[in-house]
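Let me begin by presenting the structure, written as structure tokens, before commenting on it.
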Ligand SMILES: Nc1nc2c(ncn2[C@@H]2O[C@H](COP(=O)(O)OP(=O)(O)OP(=O)(O)O)[C@@H](O)[C@H]2O)c(=O)[nH]1
Ligand SMILES: [Mg+2]
């Protein structure tokens, strides 16, 4: 294996054999343990030509699967003329090295495959930076460990494919280059993040923010497009596809909910079981919307055989990235694919308030709209207030930031009935103005003192 080959872990168009070691309680699908890896491999553009499974009590320290299985794997590779072997498990660098030595092919583990998918699909500047950093952090130590190993067995002298190392000096230079590159990437990411944080903060001040989150392929982008299109007639413009990780960066649009109410809706990158933790860390920024949103719409593909496990993964990742503040509302999507309602009923019982829907047929979209509207309204109040008609700054603020329901001019004063977000009201109070609040209403019922 040359250094070039291990640096280029991309598997597009390559013929692949899939391998999984089934360990006790590893959470894999008992009916089809390699289903998700097959989708990932397909998304990465490789061709899956065969698969190998082994049940193990614990992994083999040297080769993860048993020695005999590695031999079997080599024969399978020869028979199918495969160029790459992809493991559903995460392997240590030395395990990868040991297997590669026997089968004389490139070996990738699940995390490397996911990183490869992210690398080929990242479109925005920010996503590219984050993927590059994650790759340096995950892949580079593995290259190093493997080279150390190869150096030892080859006695430092480069002798043919599989044993050609860059030499100690080269390694040292490489390491310094990588360190410098990592530092530079981190700086750039910090800059982009700073900008993003300011954007998110500004949006949060002005609008109630809603964020679609969920397992990859659950239908988030389709829900995003359907809601934006039904509200405004304009295309949502989010790319939706039956591939894992179709979306790799966040997209935000104003969602006009009718009656003057609007919220900001964001579509985000999907989650997956055992997401490489470097990637979780770097995508935290991409998921900033989710962390700071007022409401999370958790989209679940309720027709998926692993729906329960996907739900748990999503809850865990949300906790991991610190998205613990926003309220979560569960959308049970793809009900059009259900052949019977038993699974749906289980979810509805376990999660009162969850909404069955289909982004494809648009069934249930109205219920989603109602739920979001009532959540968003929980954050607004109706007020009647009186202020001097010369108080231009305050009037300007209210005209722009509140929904003015009625205005009456009398002498030097103007009386306004408004609906305003609680956050905006705080801002308004902080501004200082001539306004006197005549009445405060919540959901139409008078509350709070008169003549404050
Ligand atoms: N039958 C059916 N298919 C749906 C529904 N919602 C989405 N899909 C399909 O599911 C696939 C994935 O949809 P996306 O909207 O791309 O899913 P996503 O959650 O954004 O996925 P990632 O961006 O990859 O994380 C697409 O082929 C959609 O057409 C639905 O309600 N019913
Ligand atoms: Mg998407």
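In the numbering used here, the protein residues as written are 32 to 483. For each residue, glycine too, the CB sits at the ideal point set by N, CA and C.
Next on the checklist: Could you tell me the alpha carbon to alpha carbon distance between residue 122 and residue 105, rounded to whole angstroms?
Outcome noted: By one-based count along the chain shown, residue 122 stands at place 91. By one-based count along the chain shown, residue 105 stands at place 74. Roughly 18 Å separates the two Cα atoms.
Item to check | Those runs of the alpha helix (DSSP H) which lie wholly inside the region 344–383 and span at least 4 residues | outcome: 373–381
Checklist entry - Just the Cα atoms here: how many angstroms apart are residue 347 and residue 299? => result As a working mapping, residue 347 is identified with position 316 in the chain shown. As a working mapping, residue 299 is identified with position 268 in the chain shown. Rounded to the nearest angstrom, the two C-alpha atoms are 16 Å apart.
Checklist entry - To the nearest angstrom, how far is it from the Cα of residue 252 to the Cα of residue 421? => result To locate residue 252, count along the chain shown from 1; it is residue 221. To locate residue 421, count along the chain shown from 1; it is residue 390. Looking at the two C-alpha atoms, the distance is approximately 47 Å.
Checklist entry - Is any heavy atom of ligand 1 found at a distance shorter than 7 Å from the C-beta of residue 354? => result On the chain shown, residue 354 is found 323 positions in, with the first residue counted as 1. No; taking the cut-off as 7 Å, the Cβ of residue 354 has no heavy atom of ligand 1 nearer than that.
Checklist entry - Taking C-beta to C-beta, are residue 148 and residue 216 nearer than 8 Å? => result Numbered from 1 along the chain shown, position 117 holds the residue referred to as residue 148. Numbered from 1 along the chain shown, position 185 holds the residue referred to as residue 216. Contact: no.
Item to check | Helix, strand or coil at residue 484 according to DSSP, with G and I counted as helix | outcome: Within the shown structure, residues of the chain are numbered from 32 to 483, placing residue 484 beyond reach of any answer.
Next on the checklist: For residue 75, count the other beta carbons within 10 Å of its own beta carbon; 16 or more makes it buried, fewer makes it exposed. Which is it?
Outcome noted: Against the chain shown, residue 75 aligns to sequence position 44. Classification of residue 75: buried, given that the 10 Å Cβ count is 16 or more.
Next on the checklist: In this structure, how does DSSP classify residue 107 when only helix, strand and coil are distinguished?
Outcome noted: For the purposes of this step, residue 107 is taken as residue 76 along the chain shown, with counting starting at 1. Reduced to three states, the DSSP call for residue 107 is helix.
Next on the checklist: Measuring straight from C-alpha to C-alpha, what distance separates residue 323 and residue 240?
Outcome noted: As a first step, residue 323 must be located in the chain shown, where it is residue number 292. As a first step, residue 240 must be located in the chain shown, where it is residue number 209. Their backbone Cα atoms lie some 8 Å apart in a straight line.
Next on the checklist: Less than 7 Å separating the Cβ of residue 423 from some heavy atom of ligand 1?
Outcome noted: Here residue 423 corresponds to residue number 392 of the chain shown, with the count starting at 1. Incorrect: residue 423 has no Cβ contact closer than 7 Å to ligand 1.
Checklist entry - Under a Cβ-count criterion, where at least 16 other Cβ atoms within 10 Å of its own Cβ denotes burial, should residue 61 be classed as buried or exposed? => result Position 30 of the chain shown holds residue 61. Exposed, because fewer than 16 other Cβ atoms sit within 10 Å of the Cβ of residue 61.
Next on the checklist: My parser needs the alpha helix (DSSP H) runs of 4 or more residues fully inside the region 196–284; what are they?
Outcome noted: 198–237, 251–263
Item to check | Candidates 403, 295, 455, 415, of which the one nearest residue 437 by Cα | outcome: The residue given as residue 437 occupies position 406 in the chain shown. Minimum Cα distance to residue 437 is reached at 415.
Next on the checklist: By the DSSP assignment, the beta strand (DSSP E) with residue 297 in it spans what residues?
Outcome noted: As a working mapping, residue 297 is identified with position 266 in the chain shown. Segment 293–298, the beta strand (DSSP E) holding residue 297.
Checklist entry - Hey, is residue 274 close to ligand 2, as in C-beta under 7 Å from one of its heavy atoms? => result Here residue 274 refers to the residue found at position 243 when the chain shown is read from its first residue. Answer for residue 274: no, Cβ out of range of ligand 2.
Item to check | residue 396 in three-state terms, based on DSSP | outcome: Taking the first residue of the chain shown as position 1, residue 396 is located at position 365. DSSP places residue 396 in helix when its eight states are reduced to three.
Next on the checklist: For a quick check, are the C-beta atoms of residue 345 and residue 333 less than 8 Å apart?
Outcome noted: Taking the chain shown and counting its residues from 1, one reaches residue 345 at position 314. Taking the chain shown and counting its residues from 1, one reaches residue 333 at position 302. Not in contact: residue 345 and residue 333 (Cβ atoms no closer than 8 Å).
Checklist entry - Are the region 136–155 and the region 112–121 in contact at 8 Å, needing three or more beta carbon pairs? => result yes
Next on the checklist: Is the beta carbon of residue 231 closer than 8 Å to that of residue 163?
Outcome noted: Along the chain shown, one-based indexing puts residue 163 at 132. Along the chain shown, one-based indexing puts residue 231 at 200. Contact: no.
Checklist entry - Would the beta-carbon of residue 245 be found less than 7 Å away from any heavy atom of ligand 4? => result No copy of ligand 4 occurs in the structure displayed; its ligands are ligand 1 and ligand 2 alone.
Next on the checklist: Relative to the C-alpha of residue 250, which candidate in 214, 101, 88, 361 has its C-alpha closest?
Outcome noted: Position 219 of the chain shown, counted from the start, is the residue given in the question as residue 250. Of 214, 101, 88, 361, the residue nearest in Cα terms is 361.
Checklist entry - Using a threshold of 7 Å, is the CB atom of residue 267 nearer than that to any non-hydrogen atom of ligand 2? => result The residue given as residue 267 occupies position 236 in the chain shown. For ligand 2, not one heavy atom lies less than 7 Å from the Cβ of residue 267.
Checklist entry - In chain order, what residues of the same chain have a beta carbon less than 6 Å from the beta carbon of residue 366, not counting five sequence neighbours either side? => result Reading the chain shown from its first residue, position 335 is the one you call residue 366. The residues are 387, 389.
Item to check | Close Cβ partners of residue 129 (< 6 Å) along its chain, the five nearest in sequence each way excluded | outcome: Taking the first residue of the chain shown as 1, we reach residue 129 at position 98. A distance below 6 Å between beta-carbons, with the five flanking residues on each side excluded, links residue 129 to the following residues of its chain, in chain order: 93, 94.
Item to check | DSSP-derived helix/strand/coil call for residue 44 | outcome: As a working mapping, residue 44 is identified with position 13 in the chain shown. The answer is coil: DSSP assigns residue 44 none of H, G, I, E or B.
Item to check | Element boundaries [beta strand (DSSP E), containing residue 138] | outcome: On the chain shown, position 107 is the one that residue 138 refers to. Here the beta strand (DSSP E) through residue 138 covers 137–139.
Next on the checklist: Mapping the DSSP letters down to three states, classify residue 190 as helix, strand or coil.
Outcome noted: Counted from its first residue, the chain shown places residue 190 at position 159. With a pLDDT of 35 at residue 190, under the threshold of 50, the modelled position of this residue cannot be trusted; read the value that follows with caution. Coil.
Next on the checklist: Tell me whether residue 271, by its Cβ, gets closer than 7 Å to a heavy atom of ligand 2.
Outcome noted: The count along the chain shown starts at 1 and reaches residue 271 at position 240. Under cutoff, so the answer is yes.
Next on the checklist: Is the separation between the beta-carbon of residue 219 and that of residue 167 shorter than 8 Å?
Outcome noted: Indexing the chain shown from 1 puts residue 219 at position 188. Indexing the chain shown from 1 puts residue 167 at position 136. No, they are not a contact pair.
Item to check | From 262, 83, 227, residue whose alpha carbon lies closest to that of residue 100 | outcome: As a first step, residue 100 must be located in the chain shown, where it is residue number 69. Comparing Cα-Cα distances from residue 100 to each of 262, 83, 227, the minimum goes to 83.
Checklist entry - If you draw a straight line from the C-alpha of residue 288 to the C-alpha of residue 425, how long is it? => result Against the chain shown, residue 288 aligns to sequence position 257. Against the chain shown, residue 425 aligns to sequence position 394. Taking the Cα positions, residue 288 is about 26 Å away from residue 425.
Item to check | residue 376 burial status per 10 Å Cβ neighbour count (16 or more: buried) | outcome: Here residue 376 refers to the residue found at position 345 when the chain shown is read from its first residue. It is exposed - the Cβ of residue 376 has fewer than 16 other Cβ atoms within 10 Å.
Checklist entry - Does any heavy atom of ligand 2 sit closer than 7 Å to the C-beta of residue 251? => result What you label residue 251 is simply residue 220 of the chain shown in a count that begins at 1. At least one heavy atom of ligand 2 is nearer than 7 Å to the Cβ of residue 251, so yes.
Next on the checklist: So for residue 150, helix, strand or coil by DSSP?
Outcome noted: Looking up residue 150 in the chain shown gives position 119. Looking at residue 150 - three-state DSSP - the assignment turns out to be helix.
Checklist entry - Run through DSSP, which three-state label would residue 467 get? => result Locating residue 467 in the chain shown gives position 436, counting from the first residue. Reduced to three states, the DSSP call for residue 467 is strand.
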